[in-house]
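Written below as structure tokens is the structure these notes are about.
Numbering (the numbering used here), first residue to last: 276 to 567.
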């Protein structure tokens, strides 16, 4: 009787502890969600308010100037919205394709082939990953100026082929998900190396490529630093440059309604891409972090 009573008390205490832990965990998660989503709420509400209303301070009330703000942004001849969207799509889309494909191809070469400087090549790429892009920015701009490639989208696209962080993720994913026996079997069947990679390895790598694709797309879509150094012509500017241009307008032309509307429009493609590929993020990271 005494033992049953002790077991019952212990079970009750365990359930109480589990309930308290769940309450604390859900409370923290709810607070973090509110903190993460609050800037989006501010952006969406302010995109519906006029410039004078925004200057009065933030309110949790949707305004009636959404159409006016959109019309002002769309008709602003200094900030060609459709041109900015097109340029951002070209840069972000091209960088996403080149970065994911060639990073996977490089990881495949390091993972599958045996050669004398294999470990040095892997270590060298990891060292490059530690160097911030800002360190080489001025040298990169000078080289593009000497090559007469300023005011050109190619300097924003071609360097994305070399993406050390993406390569590292692909390499780790291959170690856990790509057995070398599959590659050897394809070779025995007479499949050449590129066909083996494109037809057999890439389908296996699809979750990892989707994960890195979304990260690369978002990073290049929001990239302001390098494009602002390279691009001066109005017809080549990307959306982040246009948003900065709107924010730096003089007093007579400054309109916070247009700024928030431009940010609202700029974030829609990012949300669409994220929602389309988000199911791969947890799956890819989980598989890539487990070494089999």
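Glycine residues also receive a C-beta, built at the ideal position from the N, C-alpha and C atoms.
With distances taken Cα to Cα, identify the nearest neighbour of residue 341 among 380, 532 and 362.
Along the chain shown, read from residue 1 onward, the residue named residue 341 stands at position 66. Nearest C-alpha to residue 341: 532.
In whole angstroms, what is the alpha-carbon distance linking residue 385 and residue 374?
Stepping through the chain shown from its first residue, residue 385 is reached at position 110. Stepping through the chain shown from its first residue, residue 374 is reached at position 99. For residue 385 and residue 374, the distance between alpha carbons rounds to 16 Å.
Straight-line CA distance for residue 288 to residue 499?
Position 13 of the chain shown, counted from the start, is the residue given in the question as residue 288. Position 224 of the chain shown, counted from the start, is the residue given in the question as residue 499. The straight-line gap from Cα to Cα measures roughly 55 Å.
What residue from 473, 453 and 544 has the CA that sits closest to residue 494's CA?
If you number the chain shown from 1, residue 494 lands on position 219. Selected option, being the one with the closest Cα: 544.
Whole angstroms are fine: how far does the CA of residue 477 sit from the CA of residue 451?
Taking the chain shown and counting its residues from 1, one reaches residue 451 at position 176. Taking the chain shown and counting its residues from 1, one reaches residue 477 at position 202. Spanning the two alpha carbons is a distance of roughly 15 Å.
List the endpoints of the continuous alpha helix (DSSP H) containing residue 232.
As displayed, the chain neither begins before 276 nor continues past 567, which places residue 232 out of reach and without an answer.
Please return the same chain residues whose Cβ sits closer than 7 Å to the Cβ of residue 569, not counting the five positions on each side in sequence.
No answer is possible for residue 569: it lies beyond the span of the chain, which begins at 276 and ends at 567.
Across the segment 441-448 and the segment 389-404, are there enough close Cβ pairs to call them in contact, namely three or more that are closer than 8 Å?
A contact between stretches requires three or more CB pairs, one per stretch, nearer than 8 Å, and the segment 441-448 meets this requirement with the segment 389-404.
Would you mind sorting residue 331 into buried or exposed? The rule is 16 or more other CB atoms within 10 Å of its CB.
Locating residue 331 in the chain shown gives position 56, counting from the first residue. Looking at its Cβ environment, which holds fewer than 16 other Cβ atoms inside 10 Å, residue 331 is exposed.
Taking the alpha-carbon positions, what's the residue 310 to residue 512 distance?
Within the chain shown, residue 310 is the residue found at index 35, counting from 1. Within the chain shown, residue 512 is the residue found at index 237, counting from 1. Looking at the two C-alpha atoms, the distance is approximately 32 Å.
Under a three-way DSSP split, which group does residue 437 fall into?
As a working note, residue 437 is residue 162 in the chain shown. It is coil, neither helix nor strand.
Do residue 546 and residue 492 have their C-beta atoms within less than 7 Å of each other?
To locate residue 546, count along the chain shown from 1; it is residue 271. To locate residue 492, count along the chain shown from 1; it is residue 217. Not a contact, by the Cβ cut-off of 7 Å.
Closer than 7 Å by C-beta to residue 497: which residues in its own chain qualify, once you throw out the five before and the five after it? Chain order, please.
Sequence index remark: in the chain shown, residue 497 carries index 222 (1-based). Taken in chain order, the residues that qualify are 515.
Nearest to residue 339 by CA position, among 324, 377, 520 and 464, is which residue?
In the chain shown, the residue the question calls residue 339 occupies position 64. Among 324, 377, 520 and 464, the Cα nearest to that of residue 339 is on 324.
From which residue to which residue does the alpha helix (DSSP H) around residue 336 run?
As a first step, residue 336 is located in the chain shown; it is residue number 61 there, counting from the start. Residue 336 -> no alpha helix (DSSP H), and no H or E assigned at all.
Helix, strand or coil for residue 471, going by three-state DSSP, please let me know.
Locating residue 471 in the chain shown gives position 196, counting from the first residue. Helix.
Relative to the C-alpha of residue 475, which candidate in 489, 353, 460 and 350 has its C-alpha closest?
Taking the first residue of the chain shown as 1, we reach residue 475 at position 200. With distances taken between Cα atoms, residue 475 lies closest to 460.
What separation, rounded to the nearest whole angstrom, lies between the Cα atoms of residue 527 and residue 364?
Taking the first residue of the chain shown as position 1, residue 527 is located at position 252. Taking the first residue of the chain shown as position 1, residue 364 is located at position 89. Each residue's alpha carbon lies about 31 Å from the other.
Answer yes or no: do residue 518 and residue 431 have a C-beta to C-beta separation smaller than 7 Å?
If you number the chain shown from 1, residue 518 lands on position 243. If you number the chain shown from 1, residue 431 lands on position 156. It is not a contact, given that the beta carbons lie outside the stated cut-off.
In this structure, does DSSP put residue 345 in helix, strand or coil?
By 1-based counting over the chain shown, the position of residue 345 is 70. Residue 345 falls in the helix class under three-state DSSP.
If we define contact as Cβ-Cβ less than 7 Å, is residue 421 a contact residue for chain B?
Here there is only one protein chain, and chain B is not present.
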